[in-house]
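As structure tokens, the structure follows; a few thoughts come after it.
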Amino acid sequence: MTRSGQVHICPDESYKTHGGITMANTDVQHADKQQTPKSYERTEEKTAATAARIVKQIAGELQLKASQVQTTVNLLDEGNTIPFIARYRKEMTGELDENFLRDIEERLNYLRSLEDRKLEVLRLIDEQDKLTGELQASIEKAVKLQELEDLYRPYRQKRKTRASVAKEKGLEPLAKFILKQPQKGSLQEEAAKYVREDKGVATAEEALLGAQDIVAEQLADDAKIRAWVRKFTHDNGILRTEAKKREEESVYEMYYSYQEPLKKMPPHRTLAINRGEREDVLKVALDVPVERIHEFIGRQVIQGPSVTRDALQSAVEDAYKRLIAPSIEREVRGELTERAETHAIQIFAGNLRNLLLQAPVKGQTVLGVDPAYRTGCKLAVVDETGKMLEVTVTYPTPPNNKVAEAKAAFKRLIDTYDVGLIVIGNGTASRETEQFVADLIAELKSRKLQYLIVNEAGASVYSASKLAQTEFPDLDVAERSAISIARRLQDPLAELVKIEPKAIGVGQYQHDVSQKHLDESLKAVVESAVNHVGVDVNTASPSLLSYVSGINSTIAKNIVKFREENGKFGSRKELQKVPRLGAKTFEQCIGFLRVPGSGNPLDNTPIHPETYGVVDKLLAELRVELAGIGSQQLKELLQRQEPEELAPKLGIGVPTLRDILDSLQRPGRDPREELGTPIFRTDVLQIEDLKPGMELQGTVRNVIDFGAFVDIGIKSDGLVHISQLSDKFVKHPMDVVSVGDNVTVWVLNVDVKKGRVGLTMKQPQ
335 MTRSGQVHIC PDESYKTHGG ITMANTDVQH ADKQQTPKSY ERTEEKTAAT AARIVKQIAG
395 ELQLKASQVQ TTVNLLDEGN TIPFIARYRK EMTGELDENF LRDIEERLNY LRSLEDRKLE
455 VLRLIDEQDK LTGELQASIE KAVKLQELED LYRPYRQKRK TRASVAKEKG LEPLAKFILK
515 QPQKGSLQEE AAKYVREDKG VATAEEALLG AQDIVAEQLA DDAKIRAWVR KFTHDNGILR
575 TEAKKREEES VYEMYYSYQE PLKKMPPHRT LAINRGERED VLKVALDVPV ERIHEFIGRQ
635 VIQGPSVTRD ALQSAVEDAY KRLIAPSIER EVRGELTERA ETHAIQIFAG NLRNLLLQAP
695 VKGQTVLGVD PAYRTGCKLA VVDETGKMLE VTVTYPTPPN NKVAEAKAAF KRLIDTYDVG
755 LIVIGNGTAS RETEQFVADL IAELKSRKLQ YLIVNEAGAS VYSASKLAQT EFPDLDVAER
815 SAISIARRLQ DPLAELVKIE PKAIGVGQYQ HDVSQKHLDE SLKAVVESAV NHVGVDVNTA
875 SPSLLSYVSG INSTIAKNIV KFREENGKFG SRKELQKVPR LGAKTFEQCI GFLRVPGSGN
935 PLDNTPIHPE TYGVVDKLLA ELRVELAGIG SQQLKELLQR QEPEELAPKL GIGVPTLRDI
995 LDSLQRPGRD PREELGTPIF RTDVLQIEDL KPGMELQGTV RNVIDFGAFV DIGIKSDGLV
1055 HISQLSDKFV KHPMDVVSVG DNVTVWVLNV DVKKGRVGLT MKQPQ
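In our numbering, the protein residues as written are 335 to 1099.
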């Protein structure tokens, strides 16, 4: 008797369940196989059906139209990049943004890999002569890799196990007897039949234990059982942590005696606990209601009273404790970690994008300072284009304390190059250097001089790189770092792309996540930011050019080499002369490259050359000349146009026409200029100066799950807890603030000893 939705355990050996619990009759297997010989192999018809199913699945998951997904898939398969599709193929995709496009690409790659794995699994099982029609159907319906691997598990080649040893001892028939669950007879007498000294079975008890091992392994390999236990563990499991040495202090003290339901674990706590466990500070355990799991597994196999019921129940409990629980707990915690890592990477990516898109500070000669104690402060002056003018070193900080000499050096550089801004890295000795600079500014009252502390994360990575060595072969590492610090204020994007993205510290637990996934995600963020802003092809470095849609590092170097050998590019067309920059690459990249000073003003806009003809028609329709682009008169005329009415006349889609009209109104526009500039300072604020209720202006340096860190001009950034970000409910801090935002905050509390400051963005009553 079977129960609806349960695995059918039948004493008749002519039946088989694909989970592997019952023993299969090979004649039945052969008959089934003959009905579907190699039916899993790909044909043109099957490939098309699979592709359509994948598109339908992605559309359902992302709540998009199947036509949008199919078009995107086609464009990706044709070699188009995400930035290109998002910007120049809006009509085709229904104006899907980069986030949707990347989601489609990610799911497409996953599901295609899943299909490849299905074929591999089917082939491997078929080679064992164990592929049935039922099993093949289950495999082909699998929508997750875990589901597929559960189905394959009974057929995977295993290392030596207790069950395999029992089979070698000839105990498989006894396992069949236990599964038949006869209501008459004696299990002990049946087990005694398998006592054979030459096989290593000395007693009936040994025979029975071996047979139970075989049954337990079959139960543990059943896909349905594993799926249920996995979900039950996730839904009902409690994660418990405790200290290995309670008397020792550590940053993990809140987890010394801690418990939380698995399904409620926030990502940052998952990663913190994982790190504490990895550092051998915490012991982590997973508690689940074991009795309910035993009951479920028992219902799948135990049919009622029988002479083997107790043995079968014992096998059920052994299957869970020894075989299922350890692997399921690893899998569940692995899934928990994977979700936490994905979340952490998303936070890092969001912060990185906001950092890259901070407004550039243009038209300023900047003095960059890489502070230090013993080795002194390295100074670098760069002009408004980022060109290095001079580097030197001074020793205003301990232990040298050559303050007078340092002031003289600073004053000389400021006077010689008409410096208006001093930029200090936030590393070692930064606050001592800041105090020195503030005192200097107070002395130079006649000059309009300000300073700013910037995050120097990654500056040392860049300074030691081959790129920096090529750019400044005659400078040492610290001098290059001072140049990088100065430039990242003038143009954050152009400078930060020279640094490995994960070295720019604007995330949480970035060292605890999959580095491959992190690298891929952050590279996509940098690519998105670079193409959003656009690149001046006549000034861009190879590092910046390599992130432009369609351009790899080799082509980027070829562009710079061509520019150095032939002079500045005079038009976009000239890029077609660059070696290895073929037609497809030209199509993908050219709309994101700018050529200021080109004879065609459209070359300095985001308008793609493929629509230059449309622009000609538009201007003819409006009866204006191309030379008028950028004029106030044309801007006002363009603002009055109705894209919905004009698009049919020009034979172009409305989204593309909107982009053209916007680009013609603001040629050469840098979208970052609409953002706020950094907060410049002239005096130092000490933590001892702070009092609760004090109002301050600050800059958001990092956004994490539980709040935002804000630079208010003291040694350590203050924390605005998520509960203090707004009077309204805040689901996540990134919904309220972003890296680079200038915010007004009020001091909540001050811990001078620990150097911690609590802030609020809620205005005091």
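Here a beta-carbon is modelled for each residue, glycine too, at the ideal position from N, C-alpha and C.
(request) Check whether the segment 1068-1077 touches the segment 683-699, taking contact to mean three or more Cβ pairs, one atom from each stretch, closer than 8 Å. (result) Under the 8 Å Cβ criterion, the segment 1068-1077 counts as touching the segment 683-699, having at least three qualifying pairs.
(request) Would you identify the three-state DSSP class for PRO488, choosing helix, strand or coil? (result) Note: PRO488 maps to helix in three-state DSSP.
(request) Just the C-alpha distance for ALA649 and ALA509, rounded to the nearest angstrom, thanks. (result) 10 Å
(request) With DSSP as the reference, label PHE1063 as helix, strand or coil. (result) coil
(request) Pull up the distance between the alpha-carbon of GLU439 and that of ASP810, whole angstroms please. (result) Roughly 43 Å separates the two Cα atoms.
(message) Taking a contact to mean a Cβ-Cβ separation below 8 Å, would you say GLU325 touches ARG441 in this structure?
(response) Only positions 335 to 1099 of the chain appear in this structure, which leaves residue 325 out of reach.
(message) Please state whether the Cβ-Cβ distance between LYS696 and GLU718 is less than 8 Å.
(response) Between LYS696 and GLU718, the gap from beta carbon to beta carbon is short of 8 Å.
(request) Classify GLU1029 as helix, strand or coil using the three-state DSSP reduction. (result) strand
(request) Pull up the distance between the alpha-carbon of THR405 and that of PHE926, whole angstroms please. (result) 22 Å
(request) Helix, strand or coil for VAL1091, going by three-state DSSP, please let me know. (result) Correct three-state label for VAL1091: strand.
(request) Can you tell me which of the three DSSP states HIS1055 falls into? (result) Of the three classes helix, strand and coil, the one that applies to HIS1055 here is strand, per DSSP.
(message) Less than 6 Å between C-beta atoms, sequence neighbours within five positions excluded: which residues of the same chain meet that for ALA497?
(response) ASP547, ILE548, GLU551
(message) Given this structure, state the Cα-to-Cα distance separating GLU581 from ARG603, to the nearest angstrom.
(response) 22 Å
(message) Our contact map puts ARG564 next to VAL635 with C-beta atoms below 8 Å; I'd like the distance itself, whole angstroms only.
(response) That pair is no contact at about 18 Å.
(message) So for ASP810, helix, strand or coil by DSSP?
(response) Looking at ASP810 - three-state DSSP - the assignment turns out to be coil, as it is neither helix nor strand.
(message) Tell me the rounded alpha-carbon separation between GLN966 and GLN973.
(response) 11 Å
(request) Have a look at VAL788, HIS845, LYS800, LYS832 and flag the residue whose alpha-carbon is nearest the alpha-carbon of ILE819. (result) VAL788
(request) Please name the residue, chosen from VAL1054, LEU998, LYS1087, that lies closest to GLN1020 on a Cα-to-Cα basis. (result) LYS1087
(request) Tell me whether VAL560 is buried or exposed, calling it buried when 16 or more other Cβ atoms sit within 10 Å of its Cβ. (result) The sequence given here has Arg at residue 560, not Val. Under this definition ARG560 is a buried residue.
(request) Thinking LEU953 and GLU959 are a contact (beta carbons under 8 Å), I'd like their distance in whole angstroms, please. (result) 7 Å
(request) Below 8 Å on the Cβ atoms is my guess for ILE512 versus THR642; work out the distance and round it to an integer in Å. (result) The pair is a contact, with the Cβ atoms about 4 Å apart (cut-off 8 Å).
(message) What does the alpha-carbon distance come out to for the pair TYR654 and GLY632?
(response) 11 Å
(request) Give the straight-line distance between the Cα atoms of SER1050 and LEU878, rounded to the nearest whole angstrom. (result) Going by the C-alpha atoms only, they are around 32 Å apart.
(request) Tell whether a beta-carbon distance below 8 Å holds between THR427 and GLN402. (result) yes
(message) Which runs of the alpha helix (DSSP H) at least 4 residues long sit entirely within the segment 824-880? Give them in chain order.
(response) 826-830, 849-867, 876-879
(request) Give the secondary structure of LEU691 by DSSP, where H, G and I count as helix, E and B as strand, and everything else as coil. (result) Here LEU691 carries a coil assignment [DSSP, helix/strand/coil].
(message) Let's see if you can read the secondary structure: which residues bound the alpha helix (DSSP H) around ARG574?
(response) Run containing ARG574: none in the alpha helix (DSSP H); it sits in the beta strand (DSSP E), 572-577.
(message) So, with DSSP's three-state summary, where would you put VAL389?
(response) Look at VAL389 here: in three-state DSSP terms it is helix.
(request) In angstroms with no decimal places, state the Cα-to-Cα distance between ALA874 and ALA828. (result) 8 Å
(request) For PHE1040, collect the residues of the same chain with a Cβ closer than 8 Å to its Cβ; drop the 5 residues on either side in sequence, then sort them by chain order. (result) HIS602, HIS1055, ILE1056, PRO1067
(message) Looking at the strands, I want to know which residues DSSP matches up with TYR422.
(response) TYR422 is not bridged to any residue.
(message) My output table needs one value for MET599: the three-state DSSP class, helix, strand or coil.
(response) coil
(request) Under the assumption that GLU305 contacts SER848 (Cβ atoms under 8 Å), give the Cβ distance between them as a whole number of angstroms. (result) Only positions 335 to 1099 of the chain appear in the structure, and residue 305 is not among them; the question remains open.
(message) Beta-carbon within less than 6 Å of VAL1084's beta-carbon, same chain only, minus the 5 sequence neighbours each way: which residues are those?
(response) LEU1024, VAL1091
(message) In the DSSP output, which residue or residues are listed as bridge partners for THR1078?
(response) GLN1031
(request) Going by CA-CA distance only, name the one from ALA802, THR726, LYS745, VAL700 that's closest to ILE758. (result) VAL700
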